[in-house]
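If you're matching them up, the sequences are chains A and B in order.
Residues in the first sequence are numbered from 3 upward in steps of one, following my numbering.
Residues in the second sequence are numbered from 2 upward in steps of one, following my numbering.
The beta-carbon is built from N, C-alpha and C at its ideal position, and this holds for glycine as well.
All figures in this text were calculated on a predicted structure; none of them were measured in a lab.
Right, one structure below, let's go through it.
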Amino acid sequence: MSANRPAPGLTGDVPTGGRAAPAAADAADPRGGGAEGRAPGYAPGRTLPLRVEFVRQLRRRRTMAMFGVLLALPWVLVVAFQFGPAGRGQSSLRLSDLATAGGLNFAAFALSVSANFLLVVAVALFCGDTVASEANWSSLRYLLAAPVPRDRLLRQKLVVALAYSTAAVTVVPLMALLAGTLVFGWNDITVPGTGEVIPAADVLPKFLIVIGYALVSQLVVAAVAFLLSVGTDSPLGAVGGAVGLVIVSSILQAVEALGSLREFLPTFWNTAWLDALAPEPDYSGMVKGVVVSVTYSVILIALAFRRFRRRDVVS
Amino acid sequence: MAFPTGRRALAILLSLVILVAAGVTWALWPSDPVVKGRDLVIPVMDGPADDQRVDLDATFYPPASGGRAPAVLLAHGFGGSKESVREQAGRLAGQGYAVLTWSARGFGRSTGQIALNSPDYEVKDVRGLIDWLAGRPEVSLDGPGDPRVGIAGGSYGGAIALMTAAYDNRVDAIVPQITWYDLADALFPDASGKGPVNGVFKKMWAGIFFTSAADRLAPGGTTGAAGLAGLAGAAGARPGGETGQGSGQGSGQGSGQGAGATPGAEQVRCGRFLPQICEMYQEVAETGRATQEAIDLLRKSSPVSVPGRIRVPTLLLQGQRDSLFPLSHADANARAIAATGAPVEVAWFNGGHDGGDGEADWLSDRTTGWFDRYLKGAGPATGDGGSAAFTVTRDGGRDPGTRRPVLLHAIGDRYPGLTGEERTTVALEGPRQSIANPAGGSPASISAVPGLGGLLGGAGGVSIALDMPGQAAVFESAPLARPTQVTGSPAVTIRVYGTGEATLFAKLYDVSGGSLPVLPSSLVAPLRVTASEAGTPVTVALPAIDRRFDAGHRMRLVVSTTDLGYATPAAPAVYQVALESPTLELPGDAALRTPATGPAWWTWAMPLAAILVAAVLLLTGRAGRRPEESDAPDAASAEVPLVISGLGKRYRNGEKAVDDLSFRVEKGQVLGLLGPNGAGKTTTMRMLMGLIHPDEGEIRIFGHRVRPGAPVLSRLGSFVEGPGFLPHLSGRANLELYWQATGRPPQDAHLEEALEIAGLGAALERAVRTYSQGMRQRLAIAQAMLGLPDLLVLDEPTNGLDPPQIAEMRRVLRAYAERGRTVIVSSHLLAEVEQTCSHVVVMHRGRLVSAGPVGDLLGTATAVNGGGPRLEDVFLDLIGEKR
Chain A
3 MSANRPAPGL TGDVPTGGRA APAAADAADP RGGGAEGRAP GYAPGRTLPL
53 RVEFVRQLRR RRTMAMFGVL LALPWVLVVA FQFGPAGRGQ SSLRLSDLAT
103 AGGLNFAAFA LSVSANFLLV VAVALFCGDT VASEANWSSL RYLLAAPVPR
153 DRLLRQKLVV ALAYSTAAVT VVPLMALLAG TLVFGWNDIT VPGTGEVIPA
203 ADVLPKFLIV IGYALVSQLV VAAVAFLLSV GTDSPLGAVG GAVGLVIVSS
253 ILQAVEALGS LREFLPTFWN TAWLDALAPE PDYSGMVKGV VVSVTYSVIL
303 IALAFRRFRR RDVVS
Chain B
2 MAFPTGRRAL AILLSLVILV AAGVTWALWP SDPVVKGRDL VIPVMDGPAD
52 DQRVDLDATF YPPASGGRAP AVLLAHGFGG SKESVREQAG RLAGQGYAVL
102 TWSARGFGRS TGQIALNSPD YEVKDVRGLI DWLAGRPEVS LDGPGDPRVG
152 IAGGSYGGAI ALMTAAYDNR VDAIVPQITW YDLADALFPD ASGKGPVNGV
202 FKKMWAGIFF TSAADRLAPG GTTGAAGLAG LAGAAGARPG GETGQGSGQG
252 SGQGSGQGAG ATPGAEQVRC GRFLPQICEM YQEVAETGRA TQEAIDLLRK
302 SSPVSVPGRI RVPTLLLQGQ RDSLFPLSHA DANARAIAAT GAPVEVAWFN
352 GGHDGGDGEA DWLSDRTTGW FDRYLKGAGP ATGDGGSAAF TVTRDGGRDP
402 GTRRPVLLHA IGDRYPGLTG EERTTVALEG PRQSIANPAG GSPASISAVP
452 GLGGLLGGAG GVSIALDMPG QAAVFESAPL ARPTQVTGSP AVTIRVYGTG
502 EATLFAKLYD VSGGSLPVLP SSLVAPLRVT ASEAGTPVTV ALPAIDRRFD
552 AGHRMRLVVS TTDLGYATPA APAVYQVALE SPTLELPGDA ALRTPATGPA
602 WWTWAMPLAA ILVAAVLLLT GRAGRRPEES DAPDAASAEV PLVISGLGKR
652 YRNGEKAVDD LSFRVEKGQV LGLLGPNGAG KTTTMRMLMG LIHPDEGEIR
702 IFGHRVRPGA PVLSRLGSFV EGPGFLPHLS GRANLELYWQ ATGRPPQDAH
752 LEEALEIAGL GAALERAVRT YSQGMRQRLA IAQAMLGLPD LLVLDEPTNG
802 LDPPQIAEMR RVLRAYAERG RTVIVSSHLL AEVEQTCSHV VVMHRGRLVS
852 AGPVGDLLGT ATAVNGGGPR LEDVFLDLIG EKR
């Protein structure tokens, strides 16, 4: 680095004042007069690389614990089915009764039981915690003064939080598929409700659609949590707020008097992915679900960016 | 910030609540005004010789639209009264019809006796009502004495609609619901097609039908059979719905004859029935066989007796869950009326006398749509309640929100009848089986139990079907390879061996793996057949249903000797039943389609709108920039580490935290920012870091304006208001990741030198959460020095350090500045500033009080108490406190 530094007139011997003094301290760098006065090597587009943010979040206990729970859940379910009363077999065509029919059935069941709450909490955690916890630790102001431009900080954090959320949503059905296949075998899927059997090979692409839909339907949770995260110093507040909103929405959608208004509730279409597993898949519900979810998410995330740009960071 | 954030959250919450409340109000707001009816008594003349006067208790609802409007006669069900249809009447009046409801003769407060919709009695009554309507100024006329009028009603009320249309050509359109084509066939059905003479007596329904009116005379007559009848009424529709038979609403009103009086023998025997009907019933109920006289009497009250005479547009709404008037009655009505060329539409809805959903709203929409079309001349209705030649209500799975059953309406362009558009076959298997008729006919198998359906309410899938062992022959298919939709009446031919007359009940179950077999709609097909030793073949028309038999399920034909709802022979007997042909014929109508809901307009509009809104939010949301501000670098101050000019920042409450602050820091200075708590030091430093936006003035670092994320901040190292680390990472990892987050080359970090300043030793590898405050403090200062920034800003750097560390820190800072860099240290410790700094800026209440070299500042002060000037004295002077 010394090669490209012109000899500064201010260079002087470093008065090494004991152990604390920089051993090879440098003089003030006059290159600072460059474009926009940036320090050498600084470029806004290189700040807070995704890899760094991944590492920062990965070693957190809550990240580890959440993934531990998500990975363990299918096995807990497997054990529960093993110990359950012997009322198994083809007694009915409900999803829960068909769970032991094979790995694919089990994965669909695991997704259906976790999508309503567990995955909501996981997604809310990853997206609601990300900015609020930095504010809580006071590390946010040092990142901003580094400086990481605000939009970029938010973008990188959103990408990483969504990546963790994606991993959380994906890991449950995949682990369930693994556990179910090992324990119940690789069988064709039995469709809940009608009892038809679809070959496993045909249903695998549909399974990808199901996982993709589950991801998109959680997007609105992610966006709410992210917006709250940007506005508060309390990570729990952001996570709890997002989960609370999902609960309120679930309660409202039970009010039938609201009629078709309920179709615009963010949680209304959360179970529409079941339609994709029908022998004649009907994607209209899923399309509506995607539309509602994307609509809310886009607006909420835009609000988050707007809010963060204008905000005075005092935490 | 906490308070304003809370206020904003509250505002968001409030606006959400308001939105939701507005939505609920909008959804629940009644769309039509409620019209109040006028009660009146209309005297009519009837009887075979038109010489009997009957006073009909009626209510007239003028049209809400005012002026002349088409009239609708709303008839009530058996056991009900005009009160049963009040809600429906009000709704129709709100939609612009003149509505007349009345209690039929023998019901409610009307006088007269029940004649079962006889052409001599009830039909003449209704003709009298039409005469009355023709004289009303609210009713539009087709001609003199001929009002534009439609009739709607359920069950008993549906039959009067059909019968009046047959006998009075002034009727323009009718909507009969859950009603009969042939009352004799309804009470004495025979699935082998030999007619009511050969029919099996439907004793439970008949008993309820006939005694419910008799019971009205009993003191406090709301118990017993009336209770059951009320249940049957509730089964027809929700209380108050169009088909409602009154759920006991009419009871207790008395009959005008018997209220309070002890009823006589004749009254308890026949109630308010016409004696000849009463006697007919008593005779057939005793024998369990229909006489020709009884059949003639019942048929006189049935559309079957008026072939070709019903020639008006007819909408037939029949319940799928109806063991009293099954779908076959609507089918017969539809064929008879369609043969005259009149428009006919048929709907099989989820309801009927045995319960089910009832679909009151949908029925109401269809009824209104029919009258709009044929009384008002509007076009065919569209939408879910729209016009279709054939509509079947089907299970649509569950609502994704509430997980409650959803009903879908499959529609077809033509009504295929009970034999379907196309027929498929399923092979049944089973040996010849012996079945016994128990002595006394008990215990009996159970299919539908009249009245019970009302108790079960909307529990659609519940099947209480039960077959007694030894009394039922079973024939079963192999598991179905694919789902099979049955729409209509399946047929099978069996052979009955034995001697004498056998009463049998055939039913078709849907059998899945392990759960209970389901008897669709709880319907059975009763038949009477004369068994022979050689075996008598008989083709059985199984009950008409609409049901999907799922793949993997089996179809099970059961032929039993008993059924709780029917009269069966008391004599014990044994028959043998076998399949004549293994073929079970299944009608279907592939043309029936649930209308594709298609993507609603909002599915593409919403994301586009959202993107637009997001774009507006982001474009208008740029950090406020005052027009006079310029981001151009100031060449004159390019070498000056810090120039603050006219800086101001207000708190939310308007109080100024920083007010018109201007000072300048030159290279090599160690500047002390001195002031009491609340002087605005930290706020200034935050603005320096681009964390908060100044309200006025500007800050320039090396000539570049500071704003959030300004690149020049990369030449600034800062430590303000305590350390900020990721507690789960080690001290070293924190610094490394922080430097990586700046995106600058690792060799520029001078990490080892910074770590030396921190002096944490082995603790560096521990998680930060285990650090003491002093350790965090030193680590934070080390972080601020990473990359050896040209301007170092430290806020109370010596807080939490012990005296040797404080001394060390002073040396470090002075050495740092001596190399041409600049250090700004804020403190409220005077001695600290005095010993460390070359220059000092004194702030008080947000304003600059003094600035200059420490020595100058001291020089202005006079010696006190003989000693040299102390900064403390100067400071206290400056901020105006007394010494």
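How close, in whole Å, do the beta carbons of residue i and residue j come, if the pair is a contact with beta carbons under 8 angstroms?
| i | j | result |
| --- | --- | --- |
| Ile175 (chain B) | Val313 (chain B) | 6 angstroms |
| Gly109 (chain B) | Lys83 (chain B) | 6 angstroms |
| Ile338 (chain B) | Leu117 (chain B) | Contact flag wrong, Cβ pair sits at about 21 angstroms. |
| Val539 (chain B) | Val530 (chain B) | 5 angstroms |
| Ile436 (chain B) | Ala473 (chain B) | 6 angstroms |
| Ala170 (chain A) | Ala124 (chain A) | 4 angstroms |
| Tyr182 (chain B) | Phe79 (chain B) | Their Cβ separation, rounded to whole angstroms, is 16 angstroms, which puts Tyr182 (chain B) and Phe79 (chain B) out of contact at 8 angstroms. |
| Val86 (chain B) | Ile301 (chain A) | Contact doesn't hold; Cβ gap of about 48 angstroms is too wide. |
| Thr112 (chain B) | Asp56 (chain B) | 5 angstroms |
Keeping to the same chain, check which residues put their C-beta closer than 6 angstroms to that of residue i; ignore five residues upstream and five downstream.
| i | result |
| --- | --- |
| Leu795 (chain B) | Phe720, Val826 |
| Asp660 (chain B) | Gly649, Gly847, Arg848 |
| Thr234 (chain A) | Ala134, Ala240 |
| Leu505 (chain B) | Leu528, Val560 |
| Leu787 (chain B) | Trp740, Ala750, Ala755 |
| Leu714 (chain B) | Gly691 |
| Phe391 (chain B) | Val347, Gly413, Tyr416 |
Let me check one thing: in DSSP terms, what residues is residue i bridge-paired to?
| i | result |
| --- | --- |
| Pro148 (chain B) | B:Leu142 |
| Val826 (chain B) | B:Gly673, B:Leu795 |
| Asn438 (chain B) | B:Ala574 |
| Ile191 (chain A) | A:Ile200 |
| Leu558 (chain B) | B:Phe476, B:Leu509 |
| Tyr498 (chain B) | B:Ser533, B:Gln577 |
| His840 (chain B) | B:Leu672, B:Pro854 |
| Ser731 (chain B) | B:Ala768 |
Report all residues from its chain with a CB closer than 7 angstroms to the CB of residue i; omit the five preceding and five following residues, and keep chain order.
| i | result |
| --- | --- |
| Phe310 (chain A) | Arg152, Leu156, Val232 |
| Pro327 (chain B) | Leu524, Pro544, Ala545 |
| Pro154 (chain A) | As written in the sequence, residue 154 (chain A) is Arg, which differs from the Pro given in the question. So the qualifying residues of the chain are Pro46, Thr49, Leu50. |
| Val150 (chain A) | Thr49, Leu50 |
| Gln258 (chain B) | Summary for Gln258 (chain B): the model assigns pLDDT 42, below 50, so the residue's position carries little reliability; its value from the coordinates is reported in the next sentence. Result list for Gln258 (chain B): empty, nothing under 7 angstroms. |
| Glu502 (chain B) | Arg529, Thr531 |
| Ser646 (chain B) | Ser663, Gly698, Glu699 |
Kindly list the residues whose CB is nearer than 8 angstroms to the CB of residue i, restricted to its own chain and excluding five residues on each side of it in sequence; keep chain order.
| i | result |
| --- | --- |
| Ala572 (chain B) | Asn438, Ala440 |
| Thr172 (chain A) | Ile213, Leu217 |
| Val199 (chain A) | Asp190, Ile191, Thr192, Val193 |
| Tyr215 (chain A) | Ala274, Trp275, Ala278, Met288, Gly291, Val292 |
- Query: Along the chain, which unbroken stretches of the alpha helix (DSSP H) at least 4 residues long are found entirely within the segment 43-113 of chain A?
  - Reply: Runs of the alpha helix (DSSP H) inside the segment 43-113 of chain A: 52-60, 63-85.
- Given 8 angstroms as the limit, is there contact between the segment 339-353 of chain B and the segment 300-316 of chain B, that is, 3 or more CB pairs closer than that? Cβ pair count under 8 angstroms is three or more, so yes.
- Message: With three or more C-beta pairs closer than 8 angstroms as the rule, is the segment 193-207 of chain B touching the segment 563-579 of chain B?
- Response: Here the segment 563-579 of chain B makes contact with the segment 193-207 of chain B; the two share three or more CB pairs at distances below 8 angstroms.
- Any chance you could list the alpha helix (DSSP H) runs of at least 4 consecutive residues sitting entirely within the segment 583-662 of chain B, in chain order? The segment 583-662 of chain B contains these whole alpha helix (DSSP H) runs: 602-621.
- Residue ranges of each beta strand (DSSP E) run of no fewer than 3 residues wholly in the segment 151-180 of chain A, ordered along the chain? The segment 151-180 of chain A contains no whole beta strand (DSSP E) run of 3 or more residues.
- Task: Tell me, please, whether the segment 652-665 of chain B touches the segment 12-29 of chain B by the rule of three or more beta-carbon pairs shorter than 8 angstroms.
- Result: Contact between the segment 652-665 of chain B and the segment 12-29 of chain B is absent: fewer than three C-beta pairs spanning the two stretches fall below 8 angstroms.
- Message: Threshold first: 4 residues or longer. Then list the alpha helix (DSSP H) segments lying entirely within the segment 288-348 of chain B, N to C.
- Response: Here the runs fully enclosed are 293-301, 328-339.
- Report yes or no: do three or more beta-carbon pairs, one from the segment 799-813 of chain B and one from the segment 772-790 of chain B, lie closer than 8 angstroms? Yes, since at least three Cβ pairs between the segment 799-813 of chain B and the segment 772-790 of chain B fall closer than 8 angstroms, the two stretches touch.
- Query: How do the segment 582-595 of chain B and the segment 419-428 of chain B stand: do at least 3 beta-carbon pairs fall below 8 angstroms, yes or no?
  - Reply: Inter-segment contact for the segment 582-595 of chain B and the segment 419-428 of chain B is present: three or more beta-carbon pairs are separated by less than 8 angstroms.
- Just checking, does the segment 171-188 of chain A make contact with the segment 126-144 of chain A on the three C-beta pairs under 8 angstroms criterion? Segments in contact, no.
- Message: Under 8 angstroms: do the segment 293-309 of chain B and the segment 116-131 of chain B share three or more Cβ pairs, one atom per stretch?
- Response: The segment 293-309 of chain B, when compared against the segment 116-131 of chain B, does touch it at the 8 angstroms Cβ threshold.
- Message: Runs of 3 residues minimum, wholly inside the segment 132-208 of chain B: which ones carry the beta strand (DSSP E) assignment?
- Response: 142-144, 150-155, 172-178, all fully within the segment 132-208 of chain B.
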